[in-house]
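Residue numbers (the numbering used here): 54 to 195.
Okay, structure coming up:
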């Protein structure tokens, strides 16, 4: 992974350092469990109401962009729990997380892999990536 000079460089550098600490990245090819989990986790982080309250305004396209809050963390955690990801770690990103500080970040362990997602809660502001486990078997630092 190479970082290009942009506003997002600190995030890229955080992600590079994070990836260097992890075990081998999973091979997503022919891994339907990871594919299914990735789609569900991205939706739970970017549009949790579509999982918990499918008829909500957020789910039908009335999603007002805003800076992520602790309420967003709770809503996304509820959505992940409803999907069966009860061990997911979700929070507002800290300086040592592989996402921009203050964004919503989630880490979900699927076997020996991590599905990671971050969201700015802005239109088009969600990212998803697969990575190996951190030492201790975590997807995000405790």
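For each residue, glycine too, the CB sits at the ideal point set by N, CA and C.
Check, Outcome
"Please list, in chain order, all residues of the same chain as residue 89 whose beta carbon is under 6 Å from its beta carbon, the five residues on each side excluded.", "none"
"On the DSSP bridge list, what partners appear for residue 167?", "162 and 184"
"Bridge partners of residue 142, per DSSP?", "160"
"Roughly how many angstroms separate the alpha carbons of residue 187 and residue 92, rounded to a whole number?", "22 Å"
"Using a Cβ-Cβ cutoff of less than 8 Å, which residues in the same chain neighbour residue 128 once the five nearest sequence positions on both sides are dropped?", "101, 102 and 105"
"Go through its chain and collect everything with a Cβ distance to residue 67's Cβ below 6 Å, but skip five positions before and after it.", "151"
"Tell me the residue span of the alpha helix (DSSP H) that contains residue 98.", "85 to 99"
"Would you check if the segment 72 to 87 and the segment 131 to 146 touch, i.e. whether three or more CB-CB distances between them fall below 8 Å?", "no"
"Does the distance from the C-beta atom of residue 157 to that of residue 145 stay below 9 Å?", "yes"
"Do the CB positions of residue 48 and residue 173 come within less than 9 Å of each other?", "This structure cannot speak to residue 48, because the chain is shown only from 54 to 195."
"Look at residue 155 and residue 142 and say whether their C-beta atoms are less than 9 Å apart.", "no"
"Rounded to a whole number of angstroms, what is the C-alpha to C-alpha distance between residue 191 and residue 171?", "16 Å"
"Using a Cβ-Cβ cutoff of less than 7 Å, which residues in the same chain neighbour residue 153 once the five nearest sequence positions on both sides are dropped?", "64 and 146"
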